[in-house]
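*Asks:* I'd like to ask some things about the structure below.
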Amino acid sequence: MKQATLTSLNDSRMLDRLLQVESTLKNLLKFLATHDVPALPRLFRNWLDQNWSLEKLFEMTQLSVEGKYQARNFSEMELDIATVVYELGGGATLYALQKSPFAFPSRNTLAKRRREYQLRISIGEPRMQDILHNIEVMFKTTQPEHRRCGITLSMDEIASDGRLCYLTATDEIAGVCEHAKRDSVKMGTDLEIVRAVREAIRDGKIHVGQEVFVAAFARNDDVDYGARPVLLMPTCKQGSFRDSALLIEKLRQAWEMSLYGEALHGSIWSIASDGDPKRRPALYLHCMAHKLTAADALHQHLGNLPGLNLFTGSGGMTQDLDVKHDLKRICKTICAREGILINGTTINKSLLGSWLERLSDVDWSENSIYALLNPASSIVEAIHALLDPKDPQDVPRAIKLLRVTADLRGIDNSDLNPSEYSTHRAFSLLGELLEALVEPFINPEFTLSQQITSLVKFAHIACALFLKHGGAFLPQHLYGDLQCMVRTAIFRVAHTKLLDPNSKSFCVCLVMMYLRCYLGGYE
Ligand SMILES: [Zn+2]
Numbered sequence: 001m002k003q004a005t006l007t008s009l010n011d012s013r014m015l016d017r018l019l020q021v022e023s024t025l026k027n028l029l030k031f032l033a034t035h036d037v038p039a040l041p042r043l044f045r046n047w048l049d050q051n052w053s054l055e056k057l058f059e060m061t062q063l064s065v066e067g068k069y070q071a072r073n074f075s076e077m078e079l080d081i082a083t084v085v086y087e088l089g090g091g092a093t094l095y096a097l098q099k100s101p102f103a104f105p106s107r108n109t110l111a112k113r114r115r116e117y118q119l120r121i122s123i124g125e126p127r128m129q130d131i132l133h134n135i136e137v138m139f140k141t142t143q144p145e146h147r148r149c150g151i152t153l154s155m156d157e158i159a160s161d162g163r164l165c166y167l168t169a170t171d172e173i174a175g176v177c178e179h180a181k182r183d184s185v186k187m188g189t190d191l192e193i194v195r196a197v198r199e200a201i202r203d204g205k206i207h208v209g210q211e212v213f214v215a216a217f218a219r220n221d222d223v224d225y226g227a228r229p230v231l232l233m234p235t236c237k238q239g240s241f242r243d244s245a246l247l248i249e250k251l252r253q254a255w256e257m258s259l260y261g262e263a264l265h266g267s268i269w270s271i272a273s274d275g276d277p278k279r280r281p282a283l284y285l286h287c288m289a290h291k292l293t294a295a296d297a298l299h300q301h302l303g304n305l306p307g308l309n310l311f312t313g314s315g316g317m318t319q320d321l322d323v324k325h326d327l328k329r330i331c332k333t334i335c336a337r338e339g340i341l342i343n344g345t346t347i348n349k350s351l352l353g354s355w356l357e358r359l360s361d362v363d364w365s366e367n368s369i370y371a372l373l374n375p376a377s378s379i380v381e382a383i384h385a386l387l388d389p390k391d392p393q394d395v396p397r398a399i400k401l402l403r404v405t406a407d408l409r410g411i412d413n414s415d416l417n418p419s420e421y422s423t424h425r426a427f428s429l430l431g432e433l434l435e436a437l438v439e440p441f442i443n444p445e446f447t448l449s450q451q452i453t454s455l456v457k458f459a460h461i462a463c464a465l466f467l468k469h470g471g472a473f474l475p476q477h478l479y480g481d482l483q484c485m486v487r488t489a490i491f492r493v494a495h496t497k498l499l500d501p502n503s504k505s506f507c508v509c510l511v512m513m514y515l516r517c518y519l520g521g522y523e
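If you're matching positions, the sequence shown starts at 1 in full-length UniProt numbering and goes up one per residue.
As C-alpha cells, this is what we get:
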C-alpha cells in the first residue's frame with residue numbers, strides 16, 4: 001500500500017515536471033517566433049555545451065533580446081564571415097551587423113585573432129631597439145625559394161583617432177608625439193605621470209599624435225613582396241626636415257645592422273614617400289650625396305644615358321615619390337583655376353571640361369557603388385564628377401581623368417578655328433605627355449623596355465616644357481617628384497641587372513609599381 005502511494009506520488013511529480021517543461025518550451029517557441037533574438041545559434045550552442053536547463057535557455061534568450069547578454073562563443077565560420085565583411089565593407093558595415101540580430105563579432109574581437117605579428121609602437125622618439133625588434137618580427141621567416149633582392153624603404157602617415165591609450169605590457173602611455181621622452185610616460189603607481197603628461201600637452205611641450213607615421217620595407221621580388229611595417233610612430237608632424245633626415249638615417253642603419261635586414265634580404269635601392277614637403281628635402285640629403293663615377297658598378301649601365309641625373313645616395317640609392325600621389329597631384333593642378341601652361345595655352349578645369357564634352361566613344365560610367373546608386377544623368381555630370389571628385393584620394397578616378405584628357409588628341413581637328421586649333425595642339429602635347437606617364441603603370445601588356453621607353457619619353461617632354469614655362473607648367477615640387485620617380489625606375493633596372501640579370505624580378509619591378517598604384521584606390 002505504502003509502495004503504491006510512493007509510486008503514485010513520483011508519477012504525479014514527473015507529470016508536473018513534464019507539464020512545466022512543455023509550458024516553458026511553448027513559451028520559448030512563442031518568444032522565438034515573435035522576437036529577433038541576437039546570436040540565436042550561439043545561444044543554442046551554449047545550451048548544449050554548458051548543460052543549461054530549458055528555463056535557463058529561455059531566460060538567456062530574453063536577456064539577449066534586452067541587450068543584457070551576448071553569447072560570444074563565435075564559430076570559426078562566423079569569425080571568417082565577419083573578417084570578409086570587414087575587409088570588403090569596412091568598419092561601418094561590420095558595426096551595423098554587430099548591432100543586428102546576427103550579432104557579428106566586433107572589430108576588436110577580430111583584431112585579436114588576426115594579429116599575426118606583435119609589433120612595438122614607438123612612444124616618443126623612436127628607439128633603435130624597437131625598429132630592430134620589428135624588423136626581426138617581420139622579416140625573420142623567409143619563403144623556401146628565398147633570395148636576396150633590392151629593397152624599398154617606404155614612408156607615409158595614416159590618420160589616427162588622436163587620443164592617448166595605456167599599454168599594459170609596458171606600463172606606458174601611448175599616443176604622444178615624437179617630442180615626448182620615453183621615461184616620462186611610464187605610469188608607475190600613482191597619477192603623478194598622468195598629471196605631468198597632461199600639463200606638458202597643455203603647455204604645448206609635447207602633443208597628442210594626430211597621425212601615425214609608418215615606415216615599411218618592401219622586397220622588389222616576384223614573391224613575398226608586400227611592404228612590411230617596422231616603425232609605427234604617433235606624430236604631430238611639427239618636426240623639421242632635419243628630424244625627417246635623422247629618422248631615415250636611423251631606419252637605414254637599423255636595416256644595415258639587423259641580421260634579418262640587409263644581410264638576409266638585400267640592400268636598400270630606393271626610398272619612397274608621398275609628397276610630404278618636409279620629407280622631400282630629407283630625401284634629397286640622403287639620395288643626392290655623390291655623383292656616380294666609372295668606379296661605381298652602376299655606371300656601366302647608367303653613365304652614358306644623356307640627361308640622367310647621376311647623383312645618388314650610398315649604394316646607388318635614389319628617392320621614389322609615389323606615383324599614385326603624383327597622379328592625384330597632376331589632376332589637382334590641372335583642375336585648379338591657374339591650371340597648367342603649355343605653349344601659351346593655359347589648360348584648366350573649365351577649358352578641359354568644355355573640351356571633354358567633344359569626346360565620343362568614352363565610357364563615362366563608373367563601377368563604384370555610389371555611381372550605381374546615382375547613375376549620372378548626363379555626360380556633363382559625369383565629366384563634372386571626374387573634375388570635382390567627392391574623394392580627392394580616389395586614384396582610379398585620377399587615372400581615368402588623365403586617360404580621357406590624353407584621348408583629346410584624337411578629336412577631328414578639320415573644322416576647328418585657328419584659336420581652337422592652337423588649343424587642340426596644346427591638348428595633343430599634354431596628351432602625349434600623360435599617356436607616356438600613365439600607360440606603363442596600367443597596361444599589363446607593356447614589356448619592361450616599353451615601360452622604360454615610355455617613362456623616358458614623358459621625362460623628356462616634361463623637361464622641355466618645364467624649361468620653357470617653369471612653375472607655370474607644373475609646380476616645381478611636383479615636376480621634381482615626377483622626374484625622381486622616373487629616375488628610380490631606370491636605376492632599379494640597372495640595379496637588377498647587376499644583382500642577377502636573369503632574375504624574374506627584372507620584369508616584375510615596374511609591374512609592382514603598377515599594382516601599388518592601382519590597388520591604392522581600394523586601400
Ligand atoms: Zn610634437
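All residues carry an ideal CB built from backbone N, CA and C; glycine is no exception.
Please read all numbers here as calculations on a predicted model, not as lab measurements.
Less than 8 Å separating the beta-carbons of R107 and Y86?
*Replies:* yes
*Asks:* Excluding five sequence neighbours on each side, which residues of the same chain lie with their C-beta closer than 6 Å to the C-beta of T346?
*Replies:* G339
*Asks:* CB F427 to CB W355, shorter than 8 Å?
*Replies:* yes
*Asks:* For a test of your reading of the model: does the CB of Q62 fall under 7 Å from any non-hydrogen atom of ligand 1? Yes or no.
*Replies:* no
*Asks:* In this structure, does DSSP put T345 in helix, strand or coil?
*Replies:* strand
*Asks:* Quick check on E125: does DSSP put it in helix, strand or coil?
*Replies:* coil
*Asks:* Assuming contact is defined by CB atoms lying nearer than 8 Å, are L482 and D322 in contact in what I supplied?
*Replies:* For the 8 Å CB-CB criterion, L482 and D322 do not form a contact.
*Asks:* Measure from the alpha carbon of E178 to the alpha carbon of each residue in N220, S154, I206, E172, then state which is nearest.
*Replies:* I206
*Asks:* Given the structure, does E157 come close to ligand 1, in the sense that its CB is under 7 Å from one of the ligand's heavy atoms?
*Replies:* no
*Asks:* Report the three-state DSSP secondary structure of A196 (helix, strand or coil).
*Replies:* helix
*Asks:* What does the Cβ neighbour count give for V493, buried or exposed, with the cut at 16 atoms within 10 Å?
*Replies:* buried
*Asks:* Express the C-alpha separation of I461 and S273 in angstroms, rounding to a whole number.
*Replies:* 24 Å
*Asks:* Look at the alpha carbon of N10 and the alpha carbon of L110, and state the distance between them as a whole number of angstroms.
*Replies:* 52 Å
*Asks:* K181: buried (16+ other C-beta within 10 angstroms of its C-beta) or exposed?
*Replies:* exposed
*Asks:* For P105, count neighbouring C-beta atoms within 10 Å of its own C-beta (all shown protein chains included) and say buried if the count is 16 or more, exposed if not.
*Replies:* buried
*Asks:* Just the Cα atoms here: how many angstroms apart are T496 and F241?
*Replies:* 31 Å
*Asks:* Just mark H424 as buried or exposed, buried being the case when its beta carbon has 16 or more other beta carbons within 10 Å.
*Replies:* Buried, by the Cβ-count rule.
*Asks:* I'd like the list of long-range same chain contacts for V137, defined as Cβ closer than 8 Å, with 5 residues on each side in sequence excluded.
*Replies:* Y117, Q118, L119
*Asks:* From the DSSP output, which residues share a beta bridge with Q476?
*Replies:* Listed as beta-bridge partners of Q476 by DSSP are no residues whatsoever.
*Asks:* If the criterion is Cβ atoms closer than 8 Å, does the pair Y260 and I121 meet it?
*Replies:* no
*Asks:* May I have the straight-line CA-CA distance separating S244 from R487, to the nearest angstrom?
*Replies:* Note on geometry: alpha-carbon atoms of S244 and R487 lie some 22 Å from one another.
*Asks:* Just the C-alpha distance for T168 and V185, rounded to the nearest angstrom, thanks.
*Replies:* About 12 Å.
*Asks:* In whole angstroms, what separates the C-alpha of E66 from that of M60?
*Replies:* 10 Å
*Asks:* Can you give the Cα-Cα distance for A294 and Q450, rounded to whole angstroms?
*Replies:* 27 Å
*Asks:* Grouping DSSP H, G and I as helix and E and B as strand, with all else coil, what is Q319?
*Replies:* strand
*Asks:* Using only alpha-carbon positions, find the residue among D407, S422, N413, F446 that is nearest to E435.
*Replies:* D407
*Asks:* Within the chosen definition, does the stretch 124-133 reach the stretch 249-269 through at least 3 CB pairs nearer than 8 Å?
*Replies:* yes
*Asks:* Can you tell me whether A385 is buried or exposed, with buried defined as 16 or more other CB within 10 angstroms of its CB?
*Replies:* Buried: at least 16 other Cβ atoms inside 10 Å.
*Asks:* Which of the three DSSP states is assigned to Y166 in this structure?
*Replies:* strand
*Asks:* Beta carbon of P440, beta carbon of S454: below 8 Å?
*Replies:* yes
*Asks:* Mind pulling the beta strand (DSSP E) runs of 3 or more residues that sit fully within the stretch 203-278?
*Replies:* 211-219, 228-235, 268-273
*Asks:* Hey, A297 and L498: beta-carbon distance below 8 Å or not?
*Replies:* yes
*Asks:* Closer than 7 Å to a non-hydrogen atom of ligand 1 - does that hold for the CB of residue 524?
*Replies:* Because the chain is modelled from 1 through 523, residue 524 falls outside the range shown and cannot be assessed.
*Asks:* Leaving out five residues before and five after L285 in sequence, what residues of the same chain have Cβ atoms less than 7 Å from its Cβ?
*Replies:* A245
*Asks:* Please tell me whether S428 has its Cβ less than 8 Å away from any Cβ of chain C.
*Replies:* In the structure shown, chain C cannot be found, because there is only a single protein chain.
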